[in-house]
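Structure record follows, encoded as structure tokens.
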Amino acid sequence: MPKLTIDNIEIEVPEGTTVLQAAESIGKEIPVFCYHPRLSIAGNCRMCLVDVERSPKPVASCSMPVAEGMVVHTDNERAKKARNGVLEFLLINHPLDCPICDQGGECDLQDLSMAYGKDCSRYTDFNKRAVSEQYLGPLIKTAMTRCIHCTRCVRFSTEIAGISEMGATGRGEHMEIGTYITKAVASELSGNMIDICPVGALLSKPYSFRGRPWELSNTQSIDVMDAVGSAVRIGSRGREVMRILPRLNEQVNEEWIADKARFSYDGLKSQRLDRPYVRSKGGKLNEATWEEAFDVIAKKISKLDPSTLAALAGDQADCEAMVALMDLMEKLGSPHLDCRQDGSKLEAGPRASYTFNTSIAGIENADYCLIIGSNPRWEAPLINARIRKNYLATGLKVALLAPEVELGYPIDYLGNTPDTLDKILDGSHLVAKKLKAAKTPMLILGQGALSRSDGKAVWALCAEIAEKYGLIHDGKGTPGEHWNGFNILHTAASRVGGLDMGFVPGKNGLGTLDILKKAEDGGIALVYLLGADELDTSKLKDAFVIYQGHHGDKAAQVADVILPGAAYTEKSATYVNTEGRVQRVLQAVATPGEAKEDWKIVRALSEKLDLTLPYNTLDQVRARLVEVNPLFDERDMLQRSAWKSFGRKGKVKSAPFVPIVENYYMTDPISRNSPTMANCTREILGWGQPEGRSGTDG
Amino acid sequence: MNTHAAETMEKKFVQDAPNSFEFNNENLKKVKTVLARYPKDRKASAIMPLFDLAQRQCGGWLPEVAIEYVAEYLGMPHIRAYEVASFYTMYNTTPVGKYHIQVCGTTPCMLSGSDDIVRVCEDQLGINLGETTDDGLFTLSEVECLGVCVNAPMIQVNDEYYTDLNPDIMSQLIKKLTNNQEVEPESQIGRKGSAPLTGPTTLTKGNS
Ligand code: SF4
Ligand code: FES
Ligand code: FES
Chain H
1 MPKLTIDNIE
11 IEVPEGTTVL
21 QAAESIGKEI
31 PVFCYHPRLS
41 IAGNCRMCLV
51 DVERSPKPVA
61 SCSMPVAEGM
71 VVHTDNERAK
81 KARNGVLEFL
91 LINHPLDCPI
101 CDQGGECDLQ
111 DLSMAYGKDC
121 SRYTDFNKRA
131 VSEQYLGPLI
141 KTAMTRCIHC
151 TRCVRFSTEI
161 AGISEMGATG
171 RGEHMEIGTY
181 ITKAVASELS
191 GNMIDICPVG
201 ALLSKPYSFR
211 GRPWELSNTQ
221 SIDVMDAVGS
231 AVRIGSRGRE
241 VMRILPRLNE
251 QVNEEWIADK
261 ARFSYDGLKS
271 QRLDRPYVRS
281 KGGKLNEATW
291 EEAFDVIAKK
301 ISKLDPSTLA
311 ALAGDQADCE
321 AMVALMDLME
331 KLGSPHLDCR
341 QDGSKLEAGP
351 RASYTFNTSI
361 AGIENADYCL
371 IIGSNPRWEA
381 PLINARIRKN
391 YLATGLKVAL
401 LAPEVELGYP
411 IDYLGNTPDT
421 LDKILDGSHL
431 VAKKLKAAKT
441 PMLILGQGAL
451 SRSDGKAVWA
461 LCAEIAEKYG
471 LIHDGKGTPG
481 EHWNGFNILH
491 TAASRVGGLD
501 MGFVPGKNGL
511 GTLDILKKAE
521 DGGIALVYLL
531 GADELDTSKL
541 KDAFVIYQGH
551 HGDKAAQVAD
561 VILPGAAYTE
571 KSATYVNTEG
581 RVQRVLQAVA
591 TPGEAKEDWK
601 IVRALSEKLD
611 LTLPYNTLDQ
621 VRARLVEVNP
631 LFDERDMLQR
641 SAWKSFGRKG
651 KVKSAPFVPI
661 VENYYMTDPI
671 SRNSPTMANC
681 TREILGWGQP
691 EGRSGTDG
Chain P
1001 MNTHAAETME
1011 KKFVQDAPNS
1021 FEFNNENLKK
1031 VKTVLARYPK
1041 DRKASAIMPL
1051 FDLAQRQCGG
1061 WLPEVAIEYV
1071 AEYLGMPHIR
1081 AYEVASFYTM
1091 YNTTPVGKYH
1101 IQVCGTTPCM
1111 LSGSDDIVRV
1121 CEDQLGINLG
1131 ETTDDGLFTL
1141 SEVECLGVCV
1151 NAPMIQVNDE
1161 YYTDLNPDIM
1171 SQLIKKLTNN
1181 QEVEPESQIG
1191 RKGSAPLTGP
1201 TTLTKGNS
């Protein structure tokens, strides 16, 4: 390990460390533009120059590996002067239009100009160059004149997102960043380019000219658009969510978030349920007070047999609301409740049977990956990005048994005939050999495979494959410790939490599909939908439907009573991600109108029904959650769950798997009501009429 | 902004661009030889010679279809190929005239009067840098150092260098090219290679 001296501090670092990393390890900050710890090193901005003794010129520290005996000065006159020069060059062509630039206040160039810039330029005889805008789709707005050619965006899109669409064309003064043909950047991670662009060249289109960073209050929260549970920061002003940015969580989303998490927030502003509604005899939904709405429900329930009541929890229901509803159903005496609105055949059995056991970060240790009935790119873009990360680092081999899709890394396509699984299990399929040969193999089982009528058989079969081929073992893998390669990929943020607490049919209870069926023939007379929209609402026509949720979306149309709840940005609540990580969202803005936090609604209703639930505060509900399952107390941590065999064997049908996510951009009430997501559907997926591009934007 | 900038600024979608491209048999043979120089999994390295072949086959420029064809031929994303095509001035992404006059404007040539050479060309041909004459005979562009600074100022026309120029010589040169007359390439004042202008100053004895 080479020893070197940085600013008079002697340190020893591993071979291959760069001077910049070595300096950072002892807390020396070196200014950078092009360097990004998660991207390959480009070394093209020269902002990171440092002075190295006996070196004739200043050295770009981001790309210079350390050498024995190096003496580095990160902050002496020579280094500073070199950076002054670099900055002066960068600013020759930069428009310096900070007052009208959305990046203002959070711009690296602005900050470093304050630190290293001169108060005037010596290059006054030149006209600044002007660069025509790029059209990068409905999410990213460009101001290419501000680009400093750091190529971070190019490296991000090729390396992390896995799409080679961005590039640097021309050279010298004529170099420009852009796409080959004018088209929307087709990646579910494209929004991250806005964050990594150190200047105001790539900006958020929906947020453009809407706010300044210092006007926003920030709330540390969790995304619930998928089951990954990415850490996000919600920027709000007054009652309005202004934007959503990623927060660092190495275990989950690193520092990226998916486009749906970032951009669907404008869906929070339309079609909101801001007061209770009751359907009149004539079939019209009329505004009502909470009191009236509860009265109608109480009257209805008093007339019904408990065995005709049912409750379904939707994909974004929080744990507090679910546990309250679950308790209420118990008090009412009905066993018919389900949190699997897609009809998934997972059970609330051993935890390892329904979670992503390898963990998201653990994907990086896998040496073989079999994906079954899933499109991770759309179901969990950040899990897909981890798979790609492993592919880039180790050349991970991935096999796909699902509808064929482009995932951003090479796949070994196994077709889409589920009975291939039988062949894998009996060893006659090539994949069997690969699984056996691998030290840390993993399989990912998606909801597309589990919500079929033979989902239970697929599930059991996969568990058998996992057991037979050593996907679960103690210590034959490289990390040298416990390895569990059996993974369920969820798409619903509420699902693992629901299964953890047992929001599933009780004794003789009915599951989602049966509830819907019985609702049609009268066996179920009342259905309580806790934000459950993604189901066949036509089957609910004859039942009395209570819809508690935040959007007047699909289910609200068939509802007899609507109870306005809170969206995830408006409450403090618990969600469990697909790995089984218990996380909290925090309230960023107030609920609109008379809408209330969801558990409170259930609690208030219980009182009306004379079945008062025994909790009055959020802490008490959470204590109840812990009582139901102690896991809810272990926040932000990963619990390793013991492997137990589960599932029932059955015949897997040969009918092909169907995708569970049909349109990445619209999967839930919020994103379905988001104009931005509608634009993405139209322009990126090319569905529907392509909108004529307006002359003023893009 | 000068016209050269305007030319490279934007990828132009050319009106009379061909709508398909494929290497002809003769070039396919050459492509094989070129590819043999690189390891199989590094065949993207062959992009520059392949572009050159494609450009010659297309009459001196690289239409979009040819760039895409070469990219796909080498298994690389279109943008990566376009980056190469747009980086080098030797690749023309717009059609050029029969004679592509490339005037070197880098420091040594500039100090030796390349500005005058450009002026003569512009005046005589009636076009600006980056433009093509209406008869399709000449395209004029400015390029960076072509490596014969000793014989500055100089130009390159298609594959040949014409060096040791001055405005008069340049003017003559254009006339000859217009009339389809042969012009000897290299030094226009009869200098041998980069020997001193005043004749040899060393190795003067013997029969060299
Ligand atoms: S657009 Fe931004 S990220 Fe991309 S090269 Fe320019 S400055 Fe860098
Ligand atoms: S950060 Fe080192 S050259 Fe850009
Ligand atoms: S400067 Fe013109 S050839 Fe070198």
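Chains as they are written, first to last, in the working numbering: chain H, 1 to 698; chain P, 1001 to 1208.
Even for Gly, the Cβ is constructed at its ideal location relative to N, Cα and C.
Residue 503 (chain H) places its beta carbon less than 8 Å from that of residue 337 (chain H). DSSP places residue 246 (chain H) inside the beta strand (DSSP E), whose first and last residues are 240-246.
Under the three-state reduction of DSSP, residue 161 (chain H) is assigned to coil, being neither helix nor strand. When only Cα atoms are considered, residue 308 (chain H) and residue 279 (chain H) end up about 20 Å apart. The C-alpha of residue 1109 (chain P) is placed about 28 Å away from the C-alpha of residue 90 (chain H). Secondary structure at residue 624 (chain H): helix, using DSSP grouped into helix, strand and coil. Per DSSP, the unbroken beta strand (DSSP E) holding residue 372 (chain H) starts and ends at 368-372. Taking 8 Å as the CB threshold, residue 1082 (chain P) lines the interface with chain H.
Rounded to whole angstroms, residue 401 (chain H) and residue 1041 (chain P) show a C-alpha spacing of 28 Å. Under the three-state reduction of DSSP, residue 11 (chain H) is assigned to strand.
Scanning its chain for C-beta atoms nearer than 6 Å, with the 5 sequence neighbours on each side dropped, one finds around residue 267 (chain H) the residues 670, 671, 673 and 674, in chain order. Taking 8 Å as the cut-off, the Cβ atoms of residue 263 (chain H) and residue 206 (chain H) count as close.
The three-state secondary structure of residue 70 (chain H), taken from DSSP, is coil. At a cut-off of 7 Å, the beta-carbon of residue 58 (chain H) does not count as near ligand 1: no heavy atom of the ligand is closer than that.
Residue side-chain check: residue 89 (chain H) keeps its Cβ at 7 Å or more from all non-hydrogen atoms of ligand 2. Taking 7 Å as the cut-off, the C-beta of residue 151 (chain H) counts as close to a heavy atom of ligand 1. One thing to note: residue 366 (chain H) has its Cβ within 8 Å of the Cβ of residue 440 (chain H). In this structure, the C-beta of residue 32 (chain H) approaches ligand 2 to less than 7 Å from one of its heavy atoms. Contact between residue 381 (chain H) and residue 407 (chain H) does not hold, since their C-beta atoms are separated by about 10 Å, which reaches or exceeds 8 Å. Taking 8 Å as the Cβ-Cβ cut-off, the stretch 590-620 of chain H has no residue approaching chain P.
Taking 7 Å as the cut-off, one finds no heavy atom of ligand 1 near enough to the beta carbon of residue 1169 (chain P). Sequence-distant partners of residue 14 (chain H) (beyond 5 residues in either direction) whose C-beta falls short of 6 Å from its own C-beta, in its chain, are 1. With respect to residue 227 (chain H), residue 252 (chain H) sits apart: the two C-beta atoms are not nearer than 8 Å. Closer than 8 Å to the CB of residue 1086 (chain P) there is at least one CB belonging to chain H. A straight line joining the alpha-carbon of residue 158 (chain H) with that of residue 629 (chain H) spans about 43 Å. Interface residue (Cβ-Cβ distance to chain P less than 8 Å): residue 171 (chain H) is classified as such. For residue 454 (chain H), the closest C-alpha among the options H:481, H:346 and H:548 is that of H:346. Out of H:62, H:40, H:79 and H:595, the CA that lies nearest to the CA of residue 56 (chain H) is found in H:79. Under the three-state reduction of DSSP output, residue 103 (chain H) falls in the coil class, being neither helix nor strand. Apart from the 5 residues on each side of it in sequence, residue 620 (chain H) sits with its Cβ closer than 8 Å to the Cβ of 614 in its chain, given in chain order. In this structure, residue 485 (chain H) places its C-beta atom within 8 Å of the C-beta atom of residue 443 (chain H). Taking 8 Å as the cut-off, the beta carbon of residue 176 (chain H) is found no closer than this to the beta carbon of residue 241 (chain H).
Three or more Cβ pairs drawn from the stretch 649-664 of chain H and the stretch 447-463 of chain H lie within less than 8 Å of each other, which places the two stretches in contact.
Secondary structure note for residue 89 (chain H): it is in no beta strand (DSSP E), and the uninterrupted alpha helix (DSSP H) holding it is 77-93. A distance criterion of 7 Å places the beta-carbon of residue 63 (chain H) in contact range of ligand 2, judged by its closest non-hydrogen atom. Residue environment for residue 1036 (chain P): exposed (fewer than 16 other C-beta atoms within 10 angstroms of its C-beta).
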